Amino acid sequence: MKLDLRRKILLRSKVFDQLKMISHKLKDEFNELIATNSELLSDNLDWWVEKPVSRNTLLSPLFYRFCCLHLVNELIQSGTSIEKVIVDSSALFRAINEIKKKEDLNFEIEGPNGELPNLHYYLWKSLKPFLGAWKRKRSQFRAAKKTKHLSINPPKRGLTLIDQFVLPGYITKERYYNGLWNKLNSEHKKKTYFVPTLVMMKEEDFKAAYYKLRTCERNFLIKEDYLTFYDLLFSLLHFFRVWFIKLPTQEVLGVDFSPLIREELLSRSGLYNILEGILNYCFSKRLNDQSFDVSLVINWWEGQPLDKGWNLGFHTFFPDTRIKGYLGYAPRTMELQLWPSESEVKYGVAPGTISTIGEKFSEEMESTKSPFQTETAPAFRFGHLWENGIARERDAGSFKILMALSILLDESVNILEQVIDSDLVETSGYKLIIKPHPTMNLDTLKNRLSEKWSSKFQEGKGPTPDCIRTSDLLITGMSSIGLEAVVMGVPAIIVETLSGLAYEPIPESVPKELWRRCRSPEEILDAINHFKNRNPEEVRTHKKLSEKIKKDYFEPVTKEGVYRFLELEV
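Numbering that gives the first Met the number 0 applies: residue 0 is where the sequence shown begins, and numbers increase by one.
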């Protein structure tokens, strides 16, 4: 067997399934491994905002490599003859080599086999990203300063702070808490402030973004108005402080796993997320320095390094303030970071309460014997599910398929390639609509697919919910839009990309009559024919099931729900 374990390489179906089983079986063991380090480094801010401790499997390859190590061991123990293993990590190379020596085997290992850099080399290589980050953050701070005069000073007593992202196309257009602001009365609006984090934005667009935020109807509290030059420098010096984080020796399958953690600590990847985490910590300190009284803090909870810094800061400097995390989308399996660990709650880097978008999600999160509490809050991003929307347009003789693509380029390309290879584009009677992720340009997809791109692909126009309503079928990947389509009465096909970890965007409790998981062009074509050939009675039955799923997994946005979420009196 030739085993290519590089993260973006497609695995054989059987190997992918074995890796999936390992990931489900050993996630608790991995969580304990990280928790052991966290207990020893609990007072180290630089540790808490790093990728390994985040357990965010979308940002950090650590859990994937942990599972790969177990996969190689399982194959060896089962007697599988391994000819070659290919990896993209020096530390994983050496760990697999240790297992190979213990078992007295002689297969080839291909990949980087360098040692971790010495201090001098690491500092020299860190200089360029340090200066790049300094330039970008200074540009952002200057843009904030130039527009500061447009903001009025917020009240210092009884504030509610709501964390959110701001990205191109969604600066003042709401994307995260749709409907919340309009449900508040004028008195509550005066004390409710959104705290934006600017992401995916060009330096030259910072000033215009801050101008829009400061002149928006909604209240925005700009972090950069309170952060200082010292805070910025302190965050950037993380580059160098991280070198001095000392990890204990921890054995996995008889091999020291700590080099894999240290390799990631020194990788300098995910830099801006980490810096934002430190600045979030500093932001809460500056609010405390200026004697702000904050009654409620809401973190848009994704378990990222910036979330850890946010929660640690407010728990440290506002110990009596109520802090909760809002999980505003449908959680997927293998997103380990969404379930705060006992050590994360204990040391204040995660909220003690997680607000989910539906009762079923709260029940499923509680079923893991977690150290946090859950509550159900309005599904702000999904308020359209209770709207009639535009009238459904049906094309006589045409079956309309919407392909809603991922934020991940490789996954998006894989979905399109699978559809193309199914020969669907050459079959008459189908209308194929592409809806890229808001952060992705359609030309990027065209360039990646090159000559495989089909002229029959049309780009979806208008809001995504309207595109779903006018479609007969949705094809997507790991995006939660699959569940969204199901509750709108549109069946969904989830295309599995056989690389990395397996994320399940639709809960297993959702009836399979409403969706299918596919991993090959043949399976996709079979699923399309299945949904296309449903009879009217099946369609009516599926509509009823969809309504039940909506009730179970999505809470409507109501005034009562908003006030309960913000802990206000109606």
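Glycine included, C-beta positions come from ideal geometry on N, C-alpha and C.
Computed from a predicted structure; not experimentally measured.
I need the straight-line Cα distance from residue i to residue j, nearest angstrom please.
i, j, result
"threonine 469", "valine 489", "9 Å"
"lysine 558", "leucine 197", "28 Å"
"valine 86", "phenylalanine 92", "6 Å"
"serine 342", "leucine 40", "11 Å"
"glutamate 301", "glutamate 363", "17 Å"
"glutamate 107", "leucine 61", "22 Å"
"threonine 56", "isoleucine 480", "20 Å"
"valine 254", "asparagine 72", "11 Å"
"threonine 438", "methionine 199", "8 Å"
"proline 258", "alanine 90", "6 Å"
"asparagine 117", "glutamine 372", "44 Å"
"leucine 115", "tyrosine 552", "46 Å"
"aspartate 224", "tyrosine 209", "11 Å"
"asparagine 105", "leucine 32", "30 Å"
"leucine 252", "tyrosine 63", "15 Å"
"tyrosine 121", "histidine 237", "13 Å"
"glycine 576", "serine 340", "The structure shown does not extend to residue 576, since the chain spans only 0 to 569, so no value can be given for it."
"threonine 352", "glutamate 374", "7 Å"
"leucine 74", "lysine 26", "19 Å"
"valine 348", "aspartate 306", "8 Å"
"tyrosine 176", "phenylalanine 193", "10 Å"
Mapping the DSSP letters down to three states, classify residue i as helix, strand or coil.
i, result
"phenylalanine 219", "strand"
"glycine 234", "For the sequence presented, residue 234 should be read as serine rather than glycine. Serine 234 falls in the helix class under three-state DSSP."
"alanine 390", "Reliability of the predicted coordinates at alanine 390 is poor, the pLDDT of 47 falling under 50, and the value obtained from them is presented with this limitation in mind. DSSP places alanine 390 in coil when its eight states are reduced to three."
"isoleucine 277", "helix"
"tryptophan 309", "helix"
"aspartate 442", "helix"
"arginine 267", "coil"
"arginine 380", "helix"
"phenylalanine 291", "coil"
"arginine 141", "helix"
"isoleucine 8", "coil"
"arginine 135", "helix"
"asparagine 298", "strand"
"lysine 201", "coil"
"arginine 156", "coil"
"threonine 248", "coil"
"threonine 540", "helix"
"valine 254", "strand"
"threonine 35", "helix"
"glutamate 186", "helix"
"glutamate 107", "strand"
"tyrosine 502", "coil"
"isoleucine 85", "strand"
"glutamate 374", "strand"
Taking 9 Å as the cut-off, decide whether the C-beta atoms of residue i and residue j are in contact.
i, j, result
"leucine 311", "leucine 44", "yes"
"arginine 6", "phenylalanine 29", "no"
"aspartate 230", "arginine 285", "yes"
"glutamate 503", "methionine 333", "yes"
"glycine 276", "glycine 308", "yes"
"valine 296", "phenylalanine 313", "yes"
"leucine 544", "leucine 513", "yes"
"glutamate 263", "glutamate 49", "yes"
"leucine 326", "serine 354", "yes"
"isoleucine 400", "isoleucine 467", "no"
"leucine 58", "phenylalanine 256", "no"
"isoleucine 433", "phenylalanine 456", "yes"
"lysine 436", "leucine 404", "Here residue 436 turns out to be histidine, not lysine, going by the sequence shown. Result yes, Cβ atoms of histidine 436 and leucine 404 sit closer than 9 Å."
"leucine 497", "arginine 518", "yes"
"asparagine 413", "leucine 9", "yes"
"alanine 376", "phenylalanine 564", "yes"
"isoleucine 81", "methionine 0", "yes"
"isoleucine 419", "serine 453", "yes"
"tryptophan 338", "threonine 367", "yes"
So if DSSP puts residue i in a beta bridge, which residue, or which two residues, is it bridged to?
i, result
"glutamate 458", "Ile433"
"glutamine 163", "Pro195"
"lysine 550", "In the DSSP output, where bridge partners are listed per residue, lysine 550 has none listed."
"isoleucine 492", "Ile474, Arg515"
"tyrosine 325", "Trp299, Ser354"
"leucine 401", "Ile432, Leu473"
Can you give the beta carbon distance from residue i to residue j, rounded, assuming they're within the 8 Å contact cut?
i, j, result
"valine 84", "leucine 4", "6 Å"
"lysine 323", "proline 304", "19 Å between Cβ atoms; not a contact."
"glutamine 417", "valine 486", "About 25 Å; that fails the 8 Å criterion."
"valine 556", "phenylalanine 360", "Not a contact, Cβ separation roughly 16 Å."
"glutamate 202", "arginine 135", "6 Å"
"leucine 183", "phenylalanine 291", "Not a contact, Cβ separation roughly 20 Å."
"leucine 524", "leucine 423", "6 Å"
Does any CB atom of chain C fall closer than 9 Å to the CB of residue i?
i, result
"lysine 7", "Absent here is chain C; the protein component of the structure consists of one chain."
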